[in-house]
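Novice: There's a structure below that I have some questions on.
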Amino acid sequence: MIEEFLGYERTKGQVGIRNKIAVLSSVLCVNHIVQQIVNKVENGVAITHPLGCVQFGVDYTYTIRTLAGLGSNPNIYGVLVVGLGCESLKSTLLSKHIKRSKKPVEFFDVQDVKGGSNAAIEKGIKICKNLVNEANKLKRESFNFSHIILGLECGSSDAISGISANPAVGLVSDKIIELGGTCILPEFTEWIGTEHLLMERAINEKVAHKIKELINKFLEKSMKRGIDFRGIQPTPGNIEGGLTTIEEKSLGTIAKAGKAPIQGILDYSESPKGKGLWLMIEPGIDIESMTGLAAAGAQAILMTTGRGTPCGNPIAPVIKICGNEKTCEWMASNIDINASKIITENKKVEDIAEILWQKLKSVCNGEKTYAEQLGFNDLAVWRAHGTLPFIL
Amino acid sequence: MPQLKNKFIVMNSKDNCATALEEIPMSTEIKLKEKIIRINQKIPMGHKFALNDIKKGELIKKYGETIGIAIKEIKSGDWIHIHNIKSHYLKVIKE
Numbered sequence: 001m002i003e004e005f006l007g008y009e010r011t012k013g014q015v016g017i018r019n020k021i022a023v024l025s026s027v028l029c030v031n032h033i034v035q036q037i038v039n040k041v042e043n044g045v046a047i048t049h050p051l052g053c054v055q056f057g058v059d060y061t062y063t064i065r066t067l068a069g070l071g072s073n074p075n076i077y078g079v080l081v082v083g084l085g086c087e088s089l090k091s092t093l094l095s096k097h098i099k100r101s102k103k104p105v106e107f108f109d110v111q112d113v114k115g116g117s118n119a120a121i122e123k124g125i126k127i128c129k130n131l132v133n134e135a136n137k138l139k140r141e142s143f144n145f146s147h148i149i150l151g152l153e154c155g156s157s158d159a160i161s162g163i164s165a166n167p168a169v170g171l172v173s174d175k176i177i178e179l180g181g182t183c184i185l186p187e188f189t190e191w192i193g194t195e196h197l198l199m200e201r202a203i204n205e206k207v208a209h210k211i212k213e214l215i216n217k218f219l220e221k222s223m224k225r226g227i228d229f230r231g232i233q234p235t236p237g238n239i240e241g242g243l244t245t246i247e248e249k250s251l252g253t254i255a256k257a258g259k260a261p262i263q264g265i266l267d268y269s270e271s272p273k274g275k276g277l278w279l280m281i282e283p284g285i286d287i288e289s290m291t292g293l294a295a296a297g298a299q300a301i302l303m304t305t306g307r308g309t310p311c312g313n314p315i316a317p318v319i320k321i322c323g324n325e326k327t328c329e330w331m332a333s334n335i336d337i338n339a340s341k342i343i344t345e346n347k348k349v350e351d352i353a354e355i356l357w358q359k360l361k362s363v364c365n366g367e368k369t370y371a372e373q374l375g376f377n378d379l380a381v382w383r384a385h386g387t388l389p390f391i392l
Numbered sequence: 393m394p395q396l397k398n399k400f401i402v403m404n405s406k407d408n409c410a411t412a413l414e415e416i417p418m419s420t421e422i423k424l425k426e427k428i429i430r431i432n433q434k435i436p437m438g439h440k441f442a443l444n445d446i447k448k449g450e451l452i453k454k455y456g457e458t459i460g461i462a463i464k465e466i467k468s469g470d471w472i473h474i475h476n477i478k479s480h481y482l483k484v485i486k487e
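Chains A and B, in that order, are what the protein sequence lines are. Under my numbering, the first sequence has 54 at position 54, and the numbering climbs by one with no breaks. In short: position in the second sequence from 1, add 392, done, that's my numbering.
This is how it looks when you write it as structure tokens:
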């Protein structure tokens, strides 16, 4: 059977599973204007954040790459970038980056619009309405799954996650890769204890070395600050739940990434350089992680949870999978896939993976996840360091 | 509460431990393939028990991978937790 989904063709061989218009703040000062514009735009998403000024070094690089990546995501038809005019992260610069994706990109600065914020909002709405008209001309067409980039996330895990929802996601990840697609595993702090296994799965020595180097550097640097990451995992709660060692906990986490070979390590928000399974450097904070995945180009995210979390992403639909029976019941309106039947009904991990696969296909075809229906548009850009007070 | 068919899960055929999917009382007899395993202590849900005798210094396998090393003799059916296993990773990692 040929596995296909119905998506929107973009330029450069990319395919979206949503057809949204993004309005992006280049700086926090215009967030309210951006939100006011989006409120009047069909399928509009606001990409707002507390950043864009007095940033420097890696922190500035991360912010540009993340915001440009979000605008470039295939789920977005076209983008309006709104700046203030005096900020360090210029709307012209962001637009230039997003234009590399060859999609329609418009921009303006509020200080260039006569009539203040009201006029700027009107101007923005007008630009977006034109984008909406163009976007609506597109129809969904059949594509194979080699066009899909899938994010593999977990949040608020419990002792059951690692033996239920996570391995089910692992099987779906393997399936996407088998079909020629791409998956990204973020949250590098949760690989600690399994790096030898990740290294064995690396496609070559160079990638294996990079995995080792990354983890060792992180452990050494945190050790210098008096923090032994190896000693604080698993947490007392984890141990009470049945986990014994750091490697057992991390094995449960990396189960989301199945068995596929590892192509390489991506920096935060960096797009994969080819198909297959990629690791992404990201510290393990759900919203920052999913923002980085969407910025890297992920059109959909699978997120496992044990204790339950409602969060979502404005660009990539997030499918929640939960292995905890009580959470599935108590947070039924937030959990898309109930994996607790592995525990309660003797279902196999394979059975849950098949249900998840069918759900992923229909989400790719346009079905809204619970997080989408409820409007969870959570965004946070990972800060490499803070603003100026950090060095005072 | 319906009678559960499976009280435990073995993640990989190479594993020498299984995870309890509900609390398993002491003295429960569990059938795994042709073998009967008698549970020696109460196993809380999410916790593990040994599928065979494990010698001190032997590696504990879950997901087909090493999750730790036995620091005591472990008998088939024994509760496996931080009292009888420890991290193998922390031992082998370079300082």
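Even for Gly, the Cβ is constructed at its ideal location relative to N, Cα and C.
Does any residue of chain C have a CB that is nearer than 8 Å to the CB of E457(B)?
Specialist: No chain C appears in the structure shown, which is made up of the protein chains A and B.
Novice: With H, G and I counted as helix, E and B as strand and the rest as coil, what does DSSP make of D109(A)?
Specialist: Note: D109(A) maps to strand in three-state DSSP.
Novice: Compare the C-beta of I544(B) against all C-beta atoms of chain A and say whether one is closer than 8 Å.
Specialist: Chain B is shown only over 393 to 487; residue 544(B) falls outside these bounds and no answer can be derived.
Novice: Please report how far the alpha carbon of V15(A) lies from the alpha carbon of N408(B), in whole angstroms.
Specialist: Cα to Cα, V15(A) sits roughly 45 Å from N408(B).
Novice: Between the region 183 to 196 of chain A and the region 327 to 334 of chain A, do at least 3 Cβ pairs fall closer than 8 Å?
Specialist: No: fewer than three Cβ pairs fall under 8 Å.
Novice: If you follow the beta strand (DSSP E) that V81(A) is part of, which residue opens it and which one closes it?
Specialist: It spans I76 to G83 - the beta strand (DSSP E) in which V81(A) sits, taken as one unbroken run.
Novice: Is there a Cβ of chain A sitting closer than 8 Å to that of G460(B), yes or no?
Specialist: Yes - at least one Cβ of chain A is within 8 Å of the one on G460(B).
Novice: Checking contacts by CB at 8 Å: is P436(B) closer than that to chain A?
Specialist: Interface residue, yes.
Novice: Applying the criterion that 16 or more other CB atoms from any shown protein chain within 10 Å of the CB defines a buried residue, is D228(A) buried or exposed?
Specialist: With fewer than 16 other Cβ atoms within 10 Å, it is exposed.
Novice: When the Cα atoms are used, what is the spatial distance from S72(A) to G297(A)?
Specialist: Approximately 7 Å between the Cα atoms of the pair.
Novice: For the region 236 to 267 of chain A, which segments carrying the alpha helix (DSSP H) assignment without a break, of at least 4 residues, lie completely within its bounds, in sequence order?
Specialist: For the region 236 to 267 of chain A, whole alpha helix (DSSP H) runs of length 4 or above, ordered along the chain, are 236 to 240 and 246 to 254.
Novice: What residues from chain A crowd round L413(B), counting only those whose CB sits closer than 7 Å?
Specialist: Chain A residues near L413(B): I343.
Novice: Which residues in chain B have a C-beta closer than 9 Å to the C-beta of G284(A)? List them in chain order.
Specialist: In chain order: nothing, as chain B lies at least about 18 Å away.
Novice: Classify H209(A) as buried or exposed, calling it buried when 16 or more other Cβ atoms lie within 10 Å of its own Cβ.
Specialist: With fewer than 16 other Cβ atoms within 10 Å, it is exposed.
Novice: Taking R10(A) as the query, report the chain B residues whose CB atoms sit under 7 Å from its CB, ordered along the chain.
Specialist: The premise fails here: R10(A) is roughly 38 Å from chain B at the closest Cβ pair, so nothing lies under 7 Å.
Novice: Would you please state the rounded distance, in angstroms, between the beta carbons of I148(A) and Q35(A)? I believe it to be under 8 Å.
Specialist: Their Cβ separation, rounded to whole angstroms, is 30 Å, which puts I148(A) and Q35(A) out of contact at 8 Å.
Novice: Checking 8 Å against the spacing of the C-beta atoms, do G151(A) and I301(A) come in under that value?
Specialist: For G151(A) and I301(A), yes; Cβs fall inside 8 Å.
Novice: When we look at the beta-carbon of C311(A) and count the other beta-carbons within 10 Å, is it buried (16 or more) or exposed?
Specialist: Classification for C311(A): buried.
Novice: Given that A255(A) touches chain B, what residues does it touch there, using C-beta distances under 7 Å?
Specialist: Those are Y455, listed as they occur along chain B.
Novice: Output needed for V58(A): all residues of its chain with C-beta closer than 6 Å, excluding positions within five of it in sequence on either side, in chain order.
Specialist: Closer than 6 Å at the Cβ level, and outside the excluded window around V58(A), lie A384.
Novice: Distance cutoff 8 Å, beta carbons only. Does Q395(B) sit that close to anything in chain A?
Specialist: Low local confidence applies: a pLDDT of 40 at Q395(B) is under 50, so the model's placement there is unreliable, with the coordinate-based value given in what follows. Output row for Q395(B): interface = no.
Novice: In the region 214 to 225 of chain A, which residues sit with their C-beta less than 7 Å from some C-beta in chain B, listed in chain order?
Specialist: From the region 214 to 225 of chain A, no residue has a Cβ closer than 7 Å to chain B.
Novice: Can you tell me whether DSSP reads Q395(B) as helix, strand or coil?
Specialist: Its pLDDT being 40, under 50, Q395(B) is placed unreliably by the model, and the measurement read from it follows with that caveat. DSSP places Q395(B) in coil when its eight states are reduced to three.
Novice: Please report the Cβ distance between G181(A) and K275(A), rounded to the nearest whole angstrom; I am assuming they are in contact, meaning their Cβ atoms lie under 8 Å.
Specialist: Yes, G181(A) and K275(A) are in contact; Cβ-Cβ is about 7 Å, under 8 Å.
Novice: Against chain B, does T244(A) count as a neighbour if the rule is that its beta carbon must be under 8 Å from one of theirs?
Specialist: Yes - at least one Cβ of chain B is within 8 Å of the one on T244(A).
Novice: Which whole-angstrom value describes the C-beta separation of T305(A) and C154(A), a residue pair presumed to lie in contact below a C-beta threshold of 8 Å?
Specialist: T305(A) to C154(A), Cβ: 7 Å. Contact.
Novice: Please go through the same chain and pick out, in chain order, the residues whose beta-carbon is closer than 6 Å to the beta-carbon of A22(A), but skip the five residues on each side of it.
Specialist: Same-chain partners within the cutoff: V45, I47, G71, I76 and V79.
Novice: Could you tell me whether the Cβ atoms of K361(A) and F5(A) are closer together than 8 Å?
Specialist: Against a cut-off of 8 Å, the Cβ pair of F5(A) and K361(A) comes out as a contact.
Novice: Does chain A have any CB closer than 8 Å to the CB of M418(B)?
Specialist: Taking Cβ atoms only, chain A never reaches closer than 8 Å to M418(B), which makes this a no.
Novice: Pull up the DSSP beta-bridge partners for C322(A), would you.
Specialist: For C322(A), which the question treats as bridged, DSSP gives the partners T305(A) and N338(A).
Novice: Could you please give the first and the last residue of the uninterrupted alpha helix (DSSP H) stretch that includes W357(A)?
Specialist: From DSSP, the alpha helix (DSSP H) with W357(A) extends over V349 to C364.
Novice: In this structure, how does DSSP classify S25(A) when only helix, strand and coil are distinguished?
Specialist: Looking at S25(A) - three-state DSSP - the assignment turns out to be strand.
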